[in-house]
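So the protein lines, in turn, are chains W and C.
Take 1 as the starting number for the first sequence in my numbering and just add one per residue.
Take 1001 as the starting number for the second sequence in my numbering and just add one per residue.
Structure, as structure tokens:
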Amino acid sequence: MAVNGLALCDRREFLRWSAAGMATVCGAYGGARAAGATDEPHDAFQEGNLPCVRAARADAVIWLCMLGGVSHLESFDPKPALNKYAGKTFSATPFDVLNQRFTNKNIDNMGSKEGPKHESHILPLQVGFQKQGESGIEVSDWWPCVGRRIDDIAVVRSLWTTDFQHSAQAQFHTGRPVRMSRPPSVGAWVRYAAGSRSSRLPGFIVLGQPPSDFGGGRTAHEASYLGPSYAGVRLSSSPTSALPFSPPDSRLYAQAQRNEFELLRQMNTLTAQGEPNDSSRKARSRAYELAYSMQESYPRVLDMSDETPETQQLYGLDEPVTEPFGRQCLVARRLVEQGVRFIQIYHGGNPNNDNGDWDAHQNVRENHGRMCPRVDKPIAGLLQDLKRRGMLERTLVVWGSEFGRAPNVDFRTPCGGPDFSKRMGRDHHVFGFSCWFAGGGVKGGVVHGRTDELGFHAVEDRHYVTDVHATIYHLLGLPHDRMKIEGRQRLPDDLGTPIHGILA
Amino acid sequence: MRIRRPWKIVGALAGAAMVTGAILVWKERTSWHRWTAPDFLIEAGEYADPAEAAYLSDVKPILAARCYKCHGAVRSEGGLRVDSVAAMLRGGDSGPAIVAGNPDESPLIAAVRHADWVSPMPKDGDPLTESQIGGLADWVKSGAIGPQNERPDDPAAAHWAFRPAVEPTLPSLETARKYANPIDLFVAAARQEKGLRPAEPAPKELQLRRVYLDLVGLPPTQAEIDAFLDDESSQAYERVVDRLLDNPQYGVRWGRHWLDVWRYKEHDGRKSEKQTWSSSEHIWVWRDWVVRSLNRDKGYDRMILEMLAGDELAPNDPDALAATGFIVRNWDRHDRNVWIDQVVEHTSKAFLGLHLNCARCHDHKFDPISQVAYYGLRACFEPHDVKTESLALGRARETLPVTFVSDVHLDAKTRVFHRGDYDSPIDNIKVVPGVPEVIRGSGLLIRPVRTRDGGSSTGRRLALARWMVDPANPLTARVAVNHVWMRHFGAPLVETVTDFGLAGSPPSHPKLLDWLAVNFRRSGWSLKWLHRQILTSQTYRMRSCSPEADAANAEIDPDNRCLWRMNTRRMEGEIVRDSMLYLADALDQSIGGEPLDHELAETTNRRSVYYRYSQEDKPQLLEVFDAAEVNECYRRHVSIVPQQSLALCNGSFAWRQAARISTRLSRDAETDDRFVLHAFRCVTGRCPSETETTLCLGFLNEQRELFSHGEILPASGADGGEPPWAASDAEAAARTWLVHALLNHNDFVTIR
């Protein structure tokens, strides 16, 4: 009996077969399952249970998500036509964007009661742009530092999604609008299928403020039906409050706790003799070990005193504007060094703004002009730092946002008064937007996919958001089309297809 | 050849080396296609014709295992069914599937042979084996003869859960005299079949802790443990069960269980703008109705009637109106379709154990539920809307705003949406309120009823609820019994708790499930009857581990599906928190009222169910211990993650309770020995072993030593006073640390 035939059968069944001498359990992990792995991937994804294991190109993922909707037009997909047709309505341009085959009911959201739908005028680009790097990819002037790293980046300009509301934030991470369902997030699938390489830290760590409930809430890093042990563990990047339930800063406490854990270890060993088969007791003992080591190891990750001032400046730790996100990016690099598999950093999450701070309805220039400098330097610093340490080759960095912003002026938000010419914001845009990848097995300095002249529809090499997930699975050596478990249906769109055009 | 029972055929097949493949196929496929006691075999009687016999032994089983899924009663792809000879001869859209006497011209044979002029079959799984194909071809060649009057197979009609539950006869066992409770007889019978030896009864003190935590969510006090250990009478345990069922904390504990199933969620929306987007600010009135109803042992049937149609059943009874919170909870400010579809989905999951929602976009893939049937059920809810009025509630007749349901849109039309897309209604399909044919039972008897303000209500929801609780409904009682069983045993009888349909898993103990369902109904749908029946069984009172029996049993039944021992479970977050408070003598056991801010759960002492619970806001300690997902939690996940350990080993809540417990226990424990004994019994409900005592005494010494050392000064507590872990009195500090260690012991959070 071939091992392949057992691909999806249950683990116990598999072991029974192997006990019968028909197959052998392969103990070594291949691909993403690097030697020395400590938190094993779920049984179904262990070597021998998978039909094929591609060689992994990346060991770790850093996922950067800007909440609220970054304008693709004023970041990585600049459209000079917007300047040319500024002030005109869509129908006054030669491009019939409202009646394309990609147009769907979401188009109705592009207007408001006060005006003819979608017929507000086109807003010119709110910032300049220029060719960057040797590849000459055009990047807006709000992203100067990332622009200088463009030769390490593969820009995908042809994403689309469906949820017009900010709950697209959850959709971006799970592939489903929250109203339909809340399946596991991309990070949870990775943690589930690839396991973790760190014995002292959780395998899937979340930094930054998650989306509000309005944006789908913690769904964006939850594990849903995979079980909460695969969910992202939300940690703080502030050295003063590193852990939930962190220990008091006291040597006495630490010493007393050491005695306590020793007592617990001994007592648990005693009860173990009476219950040889109690797997939860073993798991709990391990959780205590991990908790104990995290108390020590995580604050050490946050302690930047061993980073040179030059490195700290690279991430912008010396400037108040860049310090918060810069610290998270630097922590992410340090977590990768510790073997953490998936680090998800949210930017723009705000308990007092359900939408996410990137939501530029009223004034793109004001909003993005303020937001971009907070992340541009830190992200570029992260890429540069990973590269010079030789880590970028095996670390995949993914940048994205739940959707882009519309080419025309925002109709829905009556800010700027009745005079449309004073309105400077853009509404949500689901029909075409951008994301990018860097490192771990992707080409640098390439653009993949295209939107139309106005940046309205993705028209070439269109990718639904799950293709971003599939690309990650693929690069980690995981079979993207097997990311499912028995009893839970996943349709082809849920599973996505790797974006082959950007693979190195 | 005389064949009476299906298993004879299986036996006959096993004898023939040629068809071993078919058996393997069966085995492989049982996960999705249960070939339930096929009628065609039982009714066929005698078969004189060898071709007919060949059909039944070599052909039909292969077709059933590999082809019926797509070409059977539930789906007939390409218009083709292969579940009777006549149907195969008749064929589908592209003509007959077989040509009698000519296998080479028969598309079906060509398909399994992977000939190039038809699509290869079966579409999933391995191709048929040579011998299987040979069997099919030979049978076609010999004239494709089948039994006369062959009835096409109807897996749905035969499906266990769609058949009425009838009281099964009790198994007759040699050991029957040992078992007074029918539960034990059924379980023992299943065990015997597999050669499993049951574990012994759990030690009395463990039984007591188990049943306390199960019924009221609080551990027994030392006095209660002592009284129970001293009570030698035969009914001592039964009396405990009765007393606990009478304790109002039972309603609080089981209220939370049912609120998981019924998806309790407090209002949420856009906080920054103070907007409610879903549920209702007054939804907690329904939470209190649940607790109250359980404590009064209101019939489960009556609870369903009130929750789905309290306004139609008893329009002038504020309590019945409050019960409709079950529906109100789904209110969605933005999308009425989403709101009503949620009601349909979860009414069907919670009470019927059916994934009716699969049929929202297309006919159900597994169950015989058409898309139109989905909208038929939806039509029952189409006219409703929510309303808020001030009503006098409860025994105190306190006037409170209550949000409830009533039929407002009397003319609302239900339309079928093409592929479930709300923008694509299909106008030429007429939808009438109805229920899926396959479990029709008594059907819907819809009569309009008068409302509280003298108007009219369609009576559809009331009819639906009545149909659910009608004895002819095969699902409602079984589903409820399964939910209760799961929460007592840590594992359900039917693994797929929300799917009793064809894609669900079969019950581990079908007769037991039916016996419980029938008698639950007979008891007047009394949940307390059901609890008592389960809790007083020997099955429930077994040990959770039994080292002597373990090795042999674990080999046969590693997952304990046959219940040869009790399962160990972990406390839910609510129980972790409430038990600590209770042991600290600090728990406020008052019942009901407006929710408290979720952050107050750290510092105040109400039972956990009384803190704000919405998608975003839940008490942190509960969340860490896998609190119910508000959107759907028919069964809680149980995770073991480091945050739980951190919450218990560093969290200030655990420290405060440890200090309180230690102070309380120290009052009558002068010596260390006594303190260790008391602390162990208090926290784990059992006595420490000698070695454990020694370890604990050593620990007390160590900590005392450490804290009497004046050199290292503790940091001050948050409020400026000394933190609970660093009492200035070294003796007190050491004792607090011991209690704290025991709260972190596996035996505290584990229900053994």
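Every residue gets a Cβ at the ideal spot worked out from N, C-alpha and C, and that includes glycine.
Predicted, not measured: the structure shown is a model, and the values here were computed from it.
Taken in chain order, the members of the segment 1628–1650 of chain C whose beta-carbon sits within less than 9 Å of a beta-carbon on chain W are Glu1629, Asn1631, Glu1632, His1637, Val1638, Ser1639, Ile1640, Val1641, Pro1642, Gln1643, Gln1644, Ser1645, Leu1646, Ala1647, Leu1648, Cys1649, Asn1650. Distance between proline 210/W and phenylalanine 172/W, taken at the CA atoms: about 13 Å. Within chain W, the residues placing a beta-carbon under 9 Å from that of arginine 1570/C are Ser280, Arg284, ordered along the chain. It is roughly 7 Å from the alpha-carbon of valine 430/W to the alpha-carbon of aspartate 163/W. Contact between the segment 1635–1645 of chain C and the segment 181–192 of chain W is absent: fewer than 3 CB-CB pairs across the two stretches fall below 8 Å. A direct Cα-Cα distance of roughly 32 Å separates arginine 1256/C from alanine 1188/C. Close to proline 1723/C, with beta-carbon spacing below 8 Å, are these residues of chain W in chain order: Pro248. By the Cβ-count criterion, isoleucine 1429/C is exposed, with fewer than 16 other Cβ atoms from all chains shown falling within 10 Å of its own Cβ.
Under DSSP, isoleucine 137/W shares a beta bridge with Gln132/W. The Cβ atoms of valine 442/W and leucine 495/W do not sit closer than 8 Å to each other.
For a cut-off of 8 Å, the C-beta gap from tryptophan 1564/C to alanine 1199/C is around 6 Å, short enough to register as a contact. The Cβ neighbour count for isoleucine 1556/C, taken over all protein chains shown within 10 Å, is under 16; the residue is labelled exposed.
Neighbours of phenylalanine 214/W in chain C, taken as residues whose beta carbon is under 7 Å from its own, are Arg1270 in chain order.
Around the Cβ of asparagine 408/W, a 10 Å sphere holds 16 or more other Cβ atoms; the residue is buried. Boundaries for glutamine 1235/C: no beta strand (DSSP E) harbours it, and the DSSP string shows neither H nor E there. For the segment 1518–1586 of chain C, the full-length alpha helix (DSSP H) segments reaching 4 residues or more read 1527–1535, 1547–1556, 1573–1583 along the chain.
Residue contact with chain C for valine 331/W: absent (no Cβ-Cβ distance below 8 Å to any residue of chain C). The alpha helix (DSSP H) runs lying completely inside the segment 209–240 of chain W and spanning 4 residues or more number zero. Rounded to the nearest angstrom, the Cβ distance from alanine 1647/C to valine 1624/C is 5 Å, consistent with a contact under 8 Å. For a Cβ distance threshold of 7 Å, nothing in chain C lies close to asparagine 99/W: the least Cβ distance comes to about 17 Å. In the displayed model, glycine 400/W falls within a strand according to three-state DSSP.
Look at glutamate 1616/C here: in three-state DSSP terms it is coil, with no helix or strand label. Listed as beta-bridge partners of phenylalanine 437/W by DSSP are Ala154/W, Val398/W.
When C-alpha distances from tryptophan 1737/C are compared across Thr1750/C, Asn1746/C, Leu1706/C, Arg1752/C, the shortest belongs to Leu1706/C. Nearest to glycine 1459/C by C-alpha distance, out of Arg1243/C, Pro1433/C, Thr1347/C, is Pro1433/C.
Relative to the Cα of isoleucine 62/W, the nearest Cα in the group Glu138/W, Phe342/W, His72/W belongs to Phe342/W. Rounded to the nearest whole angstrom, the C-alpha separation of valine 233/W and glutamate 1632/C is 21 Å. Here isoleucine 1534/C is near tryptophan 1485/C, since their CB atoms are less than 8 Å apart. In its chain, beyond the 5 residues on either side, no residue has a beta carbon closer than 6 Å to the beta carbon of glutamine 1192/C. Judged by their CB atoms, aspartate 152/W and lysine 387/W are nearer to each other than the 8 Å cut-off.
Proximity of chain C to asparagine 367/W at the Cβ level (cut-off 8 Å) is not reached, the minimal Cβ distance being about 17 Å. Contact of threonine 471/W with chain C is not assigned, every C-beta pair being separated by 8 Å or more. Excluding residues up to 5 positions away in sequence, Cys1070 lie with their Cβ nearer than 8 Å to the Cβ of lysine 1123/C in the same chain. The three-state secondary structure of histidine 480/W, taken from DSSP, is helix.
Judged by DSSP secondary structure, proline 1401/C falls within the beta strand (DSSP E) whose first and last residues are 1398–1407.
Only residues of its own chain outside the window of five on either side were considered, and among them Leu1244, Tyr1250 have a CB closer than 6 Å to the CB of leucine 1215/C, listed in chain order.
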